[in-house]
Each structure stands twice: as structure tokens, then as C-alpha cells.
Amino acid sequence: MNRLIRFLKEWTLPVAIAVGTVSYLTFYYVPQLDEMGNRLGPLFDVLFPLTVFLTLFFTFCKVDFHQMLPHRWHTGVLLAQLLLVGLNIGIILWVQDSPEQKLLWEAVLTCIIGPAASASPVVVGKLGGNISTMTTYVLISSLASALMIPLVFPILEQTVHVAFLDAFLIILKKVSMVLLLPLVLGWLMQHYVKGLCRKIAAQPNLSFYSWGVSLSITTGITVKNIVNSSASLTLLLLIAIFTFALCFLQFSIGRFVGRHMGEEVNAGQALFQKNTALSIWVAYMYLNPVASIGAGCYVLWQNIINSWELWQYRKRQ
């Protein structure tokens with residue numbers, strides 16, 4: 000029993016991915032579970048945002064708000080993201096006469112243009128990085144993506160007719176509801192409920208396990224989108240392969256930038272770990288729903304890399 004608990008603690012993310020995958024496929028292929036699935040659906044709709052909120056709230060109870068200042072590595076990572084976005088837009092405009100190729104590169108773009116994951120400070124904390132400066136970058140990145148998305152996608156998809164300001168405010172609202180509320184509550188806890196805040200901060204894995212639950216639900220949604228997709232198998236495989244390569248590319252570029260600016264762990268996570276929930280919504284809002292599969296695959300790849308990072312860190316410790 001102790002070995003099982005230790006295994007679950009050490010490999011929380013792969014276990015969460017496996018649970019999400021097996022759970023959805025079980026409900027999908029066993030007709031007798033249809034009624035139970037219909038009853039559980041609304042429960043998961045409530046559970047998912049709750050687990051994301053708790054993940055961030057537990058993390059922000061440990062943030063040193065005095066350290067939440069802009070850092071030069073923020074600029075380096077943001078410039079790298081802008082460069083990748085510009086390169087991807089050029090490719091999409093070049094292949095726009097080929098619908099499948101355009102769709103493939105649009106799926107890749109959703110994994111580049113999205114902001115840093117709200118939960119990325121959780122991994123940074125587990126890897127010994129600076130949670131406070133990472134939280135600052137998540138805020139900066141969210142604002143940058145809210146500016147880029149309504150500027151870029153109407154250029155790529157002429158059928159999109161959404162006013163820039165309207166789109167900007169919608170995206171900002173979606174990010175703010177997830178990010179700012181737990182951030183403010185974390186600050187209030189540190190200043191006015193110090194005893195409880197210290198108890199939460201003394202349990203370093205609370206946010207990590209909460210994130211594992213949300214990852215399991217996200218994985219189930221991703222598998223559902225893939226299984227029910229109208230895209231060809233070839234296109235689905237290409238999206239999976241390209242997003243896998245992109246994950247390593249962004250991870251490597253982020254680490255390279257951070258290595259020269261004194262924050263290798265933070266910069267690596269900042270560029271490659273994305274808010275895939277927002278990216279999926281953006282794909283449905285502005286592009287073809289098939290493009291959302293790119294972000295769905297990406298969330299699996301980035302958490303596999305996160306698991307490898309955590310394993311390497313435990314070995315060094």
C-alpha cells in the first residue's frame with residue numbers, strides 16, 4: 000500500500016492522464032454507462048473550474064507579493080513568443096490554398112499564441128523556481144495574448160467579424176475569472192487570515208494534487224474531442240506530431256532564453272506551458288473546431304514533459 004501511495008505521489012501527472020483517458024473511453028464504449036455519464040457530466044462541469052481555482056488559490060497563498068515585479072527574462076520569453084507567432088502566421092498565409100495544411104498550422108498556432116498556463120507556478124514551485132516572478136509573467140502573458148488573438152485571427156479567417164475591443168474584453172474576462180480571483184484571495188489570506196494561510200502553505204503538494212484532478216478532466220475532454228472529430232486520421236496524426244515537436248521547441252527556446260537571463264526553470268515553463276483551455280476556446284471561437292485538437296494534444300505533451308522534469312529534479316535532489 001505504501002508503495003502504491005509513493006508511486007501515485009511521484010507520478011501524479013501520468014496517472015491523471017491515464018485516468019482521464021481510460022474513464023472517457025470506458026463510458027464511450029460501454030452503452031450501459033450512458034445514463035451514469037449523463038448524470039456525471041454536469042458534476043464535472045462544476046468540478047473542473049473548482050479544481051483550477053483551488054490549484055491557484057493554494058499556490059497564491061505561498062506567493063511573495065513583494066517579488067511580483069517585471070524581470071528581464073519576461074521580455075526575452077515574450078519576444079520569443081512573438082517571433083514564433085509571426086513565423087507561424089507567415090506559414091499559414093503561404094499554405095492557405097491547401098485547407099488541410101492551413102488547418103494543421105492553425106492548430107499549431109493555438110499552442111503558440113495562448114498565454115502561459117495559470118497553473119505553471121505550481122510546476123515552477125515543484126522544480127525549485129521562483130513562484131512570484133512566474134506569477135507575474137502569467138499576468139503579462141495573459142494580457143499579451145488578449146491583445147494578439149483578436150488582431151491575428153481575423154486576418155487568417157476572413158469569416159470572423161468580431162470587434163477588437165469586444166474580443167479583447169471577452170478574453171481578458173475569461174483569464175481574469177480564473178487567475179485574478181484566486182490571486183486576490185491569496186493576498187487577502189496572507190494579510191488577514193495568516194494562521195490558515197500558514198497551514199495551507201505548509202502543505203506544498205495541495206496545489207499539485209488539485210492540478211492533477213483538473214488534468215484528468217482535461218484529458219477526458221481532449222480524448223472526447225479526438226474521438227468525435229470529423230477530421231481525417233492523417234490530419235489528426237499530423238496535429239499530434241507537430242504539437243509534440245512544438246512542445247519540445249518552445250521548451251528548449253524558453254530554457255535557452257532563461258539560461259542567459261538567470262531564470263532557466265521559470266523561462267522554460269513560461270514559454271512552453273500553455274493555458275490550453277483558453278486555446279481550445281479560441282479555436283472554437285475564431286477557427287475550425289478541428290484546430291482545437293492541437294491544444295488538446297499539447298496539454299498531454301506538456302504534462303509528459305513536466306513529469307520528466309519532476310523526475311529529473313527528484314533524482315538530483
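Here the sequence shown is numbered in numbering that gives the first Met the number 0, starting from 0 and rising by one per residue. Backbone N, C-alpha and C fix where the C-beta goes; we use that ideal spot for every residue, glycine too.
With contacts defined by Cβ atoms closer than 8 Å, S131 and M188 do not form a contacting pair.
Between L12 and N305, the CB-CB gap stays under 8 Å. Using a Cβ distance threshold of 8 Å, G128 and N274 do not count as a contacting pair.
Assigned with DSSP and collapsed to three states, K223 falls in helix. From the listed residues Q100, W10, D44, V76, the smallest Cα separation to A115 is found for V76.
When Cβ pairs closer than 8 Å are counted between the two stretches, the region 69-83 is seen not to touch the region 215-228, the count staying below three. Assignment of beta strand (DSSP E) within the region 113-150, counting only whole runs of 3 or more residues, yields no such run. Using a 10 angstroms sphere on the CB of G89, the tally of other CB atoms stays under 16, which defines it as exposed. Rounded to the nearest whole angstrom, the C-alpha separation of I112 and E105 is 10 Å.
Spanning the alpha carbons of T135 and D33 requires a straight line of approximately 44 Å. Annotation for H73: the continuous alpha helix (DSSP H) segment containing it runs 71-93.
Taking the CA atoms as reference points, V192 sits about 25 Å from L46. A distance below 8 Å separates the beta carbons of I238 and I292. With a 10 Å radius around the Cβ and a threshold of 16 neighbouring Cβ atoms, F26 comes out buried. Taking each of W10, S140, K101 in turn and checking the Cα distance to I303, the smallest one comes out for W10.
Taking a cut-off of 8 Å for Cβ pairs, the region 244-262 and the region 195-204 do not touch, as fewer than three such pairs fall below it. Looking at the DSSP output, K172 bridges to nothing.
Taking a contact as a CB-CB distance under 8 Å, the pair P181 and F59 counts as one, their CB atoms being some 5 Å apart. The alpha-carbon separation between A269 and D165 amounts to approximately 27 Å. In the structure shown, K101 falls within a helical segment according to DSSP collapsed to helix, strand and coil. Excluding its 5 nearest sequence neighbours in each direction, V18 has C-beta neighbours in its own chain below 7 Å: S215, listed in chain order.
Taking all protein chains in view, the Cβ of N87 is crowded by 16 or more other Cβ atoms within 10 Å, so the residue is classified as buried. The Cβ atoms of I148 and V289 do not sit closer than 8 Å to each other.
The alpha-carbon of I252 is positioned some 14 Å away from that of V84. Between F57 and S209, the C-beta gap is smaller than 8 Å, which places the two residues in contact. In chain order, F47, T50, V51, T54 place their CB closer than 7 Å to the CB of S213, counting only its own chain and leaving out the 5 sequence neighbours on each side. According to the DSSP assignment, V29 belongs to no alpha helix (DSSP H), since it is labelled neither H nor E. Per the C-alpha coordinates, the member of V121, V151, R5 positioned closest to M284 is V151.
L234 and L102 do touch by the CB rule: their CB atoms are close to 7 Å apart, below 8 Å. Annotation: A294 to V183 spans about 28 Å, alpha carbon to alpha carbon.
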